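Right, one structure below, let's go through it.
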Amino acid sequence: MSSNIDHLLTETRRFAPEPAFAADAVGTADLYARAAEDRLGFWGDQARELLHWHTPFTEVLDWSNPPFASWYGDGELNVAYNCLDRHVEAGDGDRVALLWEGENGDERRVTYAELTDEVKRVATVLEGLGIGAGDRVAIYLPMIPEAVASMLAVARIGAIHSVVFGGFSADSLRARIDDAGAKLVITADGGYRKGKVSALKPAVDQALADRNGSGVQESVEHVLVVRRGGNEVEWTEGRDLWWHEAVAAASADHEAQPFPSENPLFILYTSGTTGKPKGILHTSGGYLTQAAFTNRVVHDVHPETDVYWCTADIGWVTGHTYVTYGPLANGATQVLYEGTPDTPHPGRWWEIIQKYGVSIFYTAPTAIRSFMKIGRDVPGGFDLSSLRLLGSVGEPINPEAWMWYRGVIGHDSTPIIDTWWQTETGAIMISALPGVTETKPGSAQVPIPGISIDVVDDAGEPVGEGNGGLLVVTEPWPSMLRGIWGDPERYVETYWEKFAAQGYYFAGDGARLDDDGDVWLLGRVDDVMNVSGHRLSTAEIESALVAHEATAEAAVVGASDETTGQAVAAFVIIKQSYLKAHSPEGLAQTLRQWVGEQIGPIARPRDVYIVEELPKTRSGKIMRRLLRDVAEGREVGDTTTLADTAVMSVISAQVR
Ligand code: 6R9
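For the sequence shown, position 143 (counting from the first letter as 1) is numbered 143 according to UniProt numbering, and the numbering increases by one without interruption.
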């Protein structure tokens, strides 16, 4: 089967950075030149400039045993010291680190000095519980300051955290605890979600209950519980401890010890489309270097003046790199919000931006499209003039969603950075630099300085400009994954075997290079559709659907078809504003024709289903495999990683 993906969409709009923005931007054009001249020297400079090393490194990269990398291997550092103590020592202790907003309206402002003090105490508690370097700690918390403090306390003592989304079930939690062999779980009684307290502790109790006779040795010795929801919880004496008691009683005298650059920092499980979740392993020095670098030059963070807000949950890699590690390493001030975007009203996010004067805002296309569905009047009711940069991550952002984001949220002037990366890459790999790049709606554009990307065919040959194929990373990078926890063979097999001859990392995404050499992400290779021998990308057809005035959001899948092999099946959510003025009668047929006109008859969907919801993961990615089940009339597969597990029965009913 050919890896060439037919390219159907064209985009001609361009937006150059405004001169005032460019003049003040952190990321400048000379970074590309410096990195091109001496890539490893460049990454060595970044590590030295952005981080404090207890022991300086003498070698940037050891790649003598690929694909097992060692970055800054003989250097030593402490990740938490880099995110906390050094800012306090530099006189910035009074700077606010976290502007926390609870869903119920609670507020806390936590300075760097306060966060450092808290993390030192938590580190003392962890050591008192027998946790040391290399031990695993599971974190199952809502978006509260203690979540960030927990991650940093684990990092401070050289242990390894595994953050699990607060929305995951007891079973998912148990699988992740067991795979990592966690000794401690940090959780909360509950947190606020959709206007009420959603309990967390019972899921931990259930995950840890009744291991007798299961043949599995219980690894967890203690559960540290933050009081947030105020809900009743069951208590296991000897195992459970209250955070507010233990942390208050602990000493804040805790000196950060140096650990080797390659000391593991965290494991984060990605579901993938098939098989059991993979525990992606990241280490310290390289990860923190690229996290800090990209947050500076891509998000253009000026720590003294900006108010930064990344809306990601810490259960997603975006919350690791662009809530906890990147911004704190850079000494930034950021908003942390506990709840859902539409509680208690649909303008909650815009209200928060107005209230705190947010200047840099980073979110996912799924959120943008859900705001498009409600309409521009909601954000229109708030003062968003503080915003000067907008970012997107997680899925391709359709050109029309990009234009809406810039126009309605970015008052037609903010640059938009569309950032491509993965749990596995640890940090941003492809993105515009907002003060340098002329941006293009829908394209993630260019590898950041120091990163080498290409689009190749199945044989690993570059496809060249104007063509589609498979996205690869051609050189190792500092924040690359170091393996899959407990499964080195799966690591090699999943990411490195396909292009073993070239030594390329296979990302699993389809991509296209346009005539300017810019990268367009076309969706996961597993989702590519084959219609009468043409390989069609989900992203392009979805973008065409979203470009119709009626459509807020769309997902397409390939459903088996007797004549064409596969046929395009589209699931479409209609904008509320459209439904107010038009009848939905005949809309499915209109949209079929629209796609045919926009990108050609081959892409015209066989079926268009109008639905109210799409199945999404907690981080907002559409789970197309479940829609394929519906389109092919099969029983719907595993839904445990869905944000809302009820959604599939609603969709199935609407399709029938
Ligand atoms: C950070 C994150 C990784 C997958 C990735 C790709 C998709 C992420 C994207 C994007 C198009 C972007 N993806 N960013 N696709 N444009 N800007 O999302 O990590 O949850 O591991 O997902 O997400 O398919 O391979 P993760």
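Yeah, the Cβ is synthetic: ideal placement off N, Cα and C, and Gly gets one too.
Keep in mind the model is a prediction, meaning the values are calculated, not measured.
Query raised in the report: Mind listing, in chain order, the residues whose beta carbon lies closer than 7 Å to a non-hydrogen atom of the ligand 6R9?
Result: Thr270, Trp316, Val317, Thr318, Ser392, Val393, Gly394, Glu395, Pro396, Ile397, Asp418, Thr419, Trp420, Trp421, Gln422, Thr423, Glu424, Ala444, Ala507, Gly508, Asp509, Leu521, Gly523, Arg524, Ser619 and Lys621
Query raised in the report: How is the beta strand (DSSP E) around Phe571 delimited, first residue to last?
Result: Gly565 to Ile574
Query - Distance CB(Pro277)-CB(Thr270) smaller than 8 Å - result: Going by C-beta atoms, Pro277 is nearer than 8 Å to Thr270.
Requested in this report: Give the C-beta separation of Glu101 and Val226 to the nearest angstrom, bearing in mind that I take them to be a contact with Cβ-Cβ under 8 Å.
Outcome: 17 Å between Cβ atoms; not a contact.
Query raised in the report: Using CA coordinates, which residue listed in Arg176, Pro449, Leu50 and Gly167 is at the minimum distance from His161?
Result: Arg176
Query raised in the report: Between Tyr192, Gly75 and Glu49, which lies nearest to Val60 when the distance is taken from Cα to Cα?
Result: Gly75
Requested in this report: Closer than 8 Å by C-beta to Gly486: which residues in its own chain qualify, once you throw out the five before and the five after it? Chain order, please.
Outcome: Asp179 and Gly279
**Report entry** Cβ-based neighbour list, His548, same chain, cut-off 7 Å, excluding 5 preceding and 5 following
**Finding:** Leu591 and Trp594
Query - Three-state secondary structure (DSSP) of Leu614 - result: coil
Requested in this report: Answer with buried or exposed for Arg14, where buried requires no fewer than 16 other C-beta atoms within 10 angstroms of its C-beta.
Outcome: The residue in question, Arg14, is exposed, as its Cβ has fewer than 16 Cβ neighbours within 10 Å.
Requested in this report: Check whether the Cβ atoms of Lys120 and Ala252 lie closer than 8 Å to each other.
Outcome: Contact: yes.
Query raised in the report: I think Leu268 touches Leu241, with their Cβ atoms under 8 Å apart; what is that distance to the nearest whole Å?
Result: Not confirmed; about 25 Å, so no contact.
Query - DSSP beta-bridge partners of Phe293 - result: For Phe293, which the question treats as bridged, DSSP gives no partner whatsoever.
Requested in this report: Go ahead and pull the three-state DSSP assignment for Asp516.
Outcome: Correct three-state label for Asp516: coil.
Query - Rounded separation between Gly460 and Asn467 - CA only - result: 14 Å
Query raised in the report: At a cut of 8 Å, does the segment 296-313 reach the segment 18-31 through at least three beta carbon pairs?
Result: yes
Query raised in the report: Taking C-alpha atoms, which residue in Met648, Glu400, Leu200 and Trp420 lies nearest to Tyr362?
Result: Trp420
**Report entry** Bridge-paired residues (DSSP) for Lys120
**Finding:** Beta-bridge pairing links Lys120 to no other residue.
Query - Under 8 Å between C-beta atoms of Pro399 and Ser543 - result: Judged by their CB atoms, Pro399 and Ser543 are nearer to each other than the 8 Å cut-off.
Query raised in the report: How about Leu510 and Leu470: do their beta carbons lie closer than 8 Å?
Result: According to the sequence provided, residue 510 is Gly. The question's Leu does not apply to it. Cβ distance < 8 Å, so Gly510 and Leu470 count as in contact.
Query raised in the report: With distances taken between CB atoms, is the gap from Ser404 to Gly442 smaller than 8 Å?
Result: In the sequence on display, residue 404 carries Trp and not Ser. Result no, Cβ atoms of Trp404 and Gly442 do not sit closer than 8 Å.
Requested in this report: Report the three-state DSSP secondary structure of Lys194 (helix, strand or coil).
Outcome: Coil.
Query raised in the report: Any idea if Ala292 is buried or exposed, counting beta-carbon neighbours within 10 angstroms, 16 or more meaning buried?
Result: Classified as buried, Ala292 has 16 or more neighbouring CB atoms from the shown chains inside 10 Å of its CB.
Report task. Look at His87 and Gly331 and say whether their C-beta atoms are less than 8 Å apart. Result -> yes
Requested in this report: Out of Ile352, Phe266, Gly128 and Glu107, state which residue places its alpha-carbon closest to the alpha-carbon of Ile139.
Outcome: Phe266
Query raised in the report: Okay, do the segment 580-588 and the segment 521-532 touch, 3+ Cβ pairs below 8 Å being the bar?
Result: no
Query raised in the report: Do you know offhand how far Cys310's Cα is from Glu221's?
Result: 33 Å
Requested in this report: Decide yes or no for the touch test of the segment 125-135 against the segment 339-348: beta carbon pairs closer than 8 Å, at least 3 of them.
Outcome: no
**Report entry** Burial state of Asp515 (16 or more Cβ within 10 Å)
**Finding:** exposed
Report task. Run through the segment 322-381 for me and flag every whole alpha helix (DSSP H) of 4 or more residues, listed as ranges in chain order. Result -> 326-329, 348-356, 365-374 and 377-380
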